[in-house]
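What follows is a set of notes on a single structure, which appears directly below.
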Amino acid sequence: MTINIDRNQTPKMPKPFYSLLERVLSNTHSNSSNAITINFRDPDYSADNGGYHPVEVRLEKQQDHWRPIYITDFAFRGGPFPELMKDIDICFNSKQVYSLFSGWIGEREARELIAMFCDNFIAYQKMGVYIVDIQLD
1 MTINIDRNQT PKMPKPFYSL LERVLSNTHS NSSNAITINF RDPDYSADNG GYHPVEVRLE
61 KQQDHWRPIY ITDFAFRGGP FPELMKDIDI CFNSKQVYSL FSGWIGEREA RELIAMFCDN
121 FIAYQKMGVY IVDIQLD
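Take the sequence shown: its position 28, counting from 1, is numbered 28 in full-length UniProt numbering, and each next residue is one higher.
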């Protein structure tokens, strides 16, 4: 099934990012669903050994297309009992981006961060480091 993702959202995401999502969702039958959550997880990622940060993508149905709601990159932080925390959060509703190190920033200020995040994320997916889990709501 073809998933039609609305690419005219702010903050702007690179075309290869949307292509990756469409490939991942190509065998998903979402006719009766109103939301899709995609989790990309490195099974070897841990606070002690590091690895590739887990990433979650949320899409919600609006008429004949799917609208991105958020993209969140998580990382272990804190000690002596580290917890998964938001490292980067791209929020399409507020049109802002959150970075653990800078807080909330606008789209213009976040362009380089978004480009770097997407380049890395796409490369990691191509390397096959993630297990992908798709949840339909």
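Glycine included, each C-beta is placed from N, C-alpha and C at the ideal position. Since the structure is predicted, the reported quantities are computational estimates derived from the model, not experimental observations.
Just the C-alpha distance for residue i and residue j, rounded to the nearest angstrom, thanks.
{"i": "G51", "j": "N39", "result": "16 Å"}
{"i": "I131", "j": "P54", "result": "10 Å"}
{"i": "S32", "j": "I3", "result": "13 Å"}
{"i": "R111", "j": "L21", "result": "20 Å"}
{"i": "D48", "j": "Y98", "result": "25 Å"}
{"i": "A115", "j": "P80", "result": "32 Å"}
{"i": "Q135", "j": "E109", "result": "32 Å"}
{"i": "F101", "j": "S46", "result": "20 Å"}
{"i": "H29", "j": "P82", "result": "37 Å"}
{"i": "F117", "j": "K126", "result": "14 Å"}
{"i": "D89", "j": "R58", "result": "11 Å"}
{"i": "K12", "j": "P68", "result": "11 Å"}
{"i": "A123", "j": "N27", "result": "22 Å"}
Helix, strand or coil for residue i, going by three-state DSSP, please let me know.
{"i": "I134", "result": "strand"}
{"i": "residue 138", "result": "There is no way to answer for residue 138, as the model of the chain reaches only from 1 to 137."}
{"i": "K95", "result": "coil"}
{"i": "R77", "result": "strand"}
{"i": "Y45", "result": "coil"}
{"i": "Y70", "result": "strand"}
{"i": "R58", "result": "strand"}
{"i": "F17", "result": "helix"}
Starting from the C-beta of residue i, find all residues in its chain whose C-beta is less than 7 Å away, skip the five residues before and the five after it, and write them out in chain order.
{"i": "V24", "result": "I38, V132"}
{"i": "I18", "result": "Here residue 18 is Tyr; the residue named in the question, Ile, does not match the sequence. Excluding positions up to five away in sequence, the list reads I5, R7."}
{"i": "M96", "result": "Reading the sequence as shown, one finds Gln at residue 96 and not Met. Excluding sequence neighbours, Q96 sits near W104, I105, G106."}
Please work out which residues of its chain come closer than 6 Å, Cβ to Cβ, to residue i, disregarding the five sequence neighbours upstream and downstream, and give them in chain order.
{"i": "C91", "result": "Y70"}
{"i": "A35", "result": "E60, D137"}
Got a sec? Which residues, its chain only, sit under 8 Å from residue i by beta carbon, not counting five neighbours each side?
{"i": "F74", "result": "H53, P54, V55, E56, L84, M85, K86, D87"}
Between which two residues does the alpha helix (DSSP H) harbouring residue i extend?
{"i": "I114", "result": "107-127"}
Among the candidates the options, whose CA atom is the shortest distance from the CA of residue i?
{"i": "D42", "options": "F76, S26, Q9", "result": "F76"}
{"i": "H65", "options": "Q9, G128, S94", "result": "Q9"}
{"i": "D128", "options": "D44, G78, P68, L100", "result": "At residue 128 the sequence reads Gly, which differs from the Asp that was named. Measuring from the Cα of G128, the nearest candidate turns out to be D44."}
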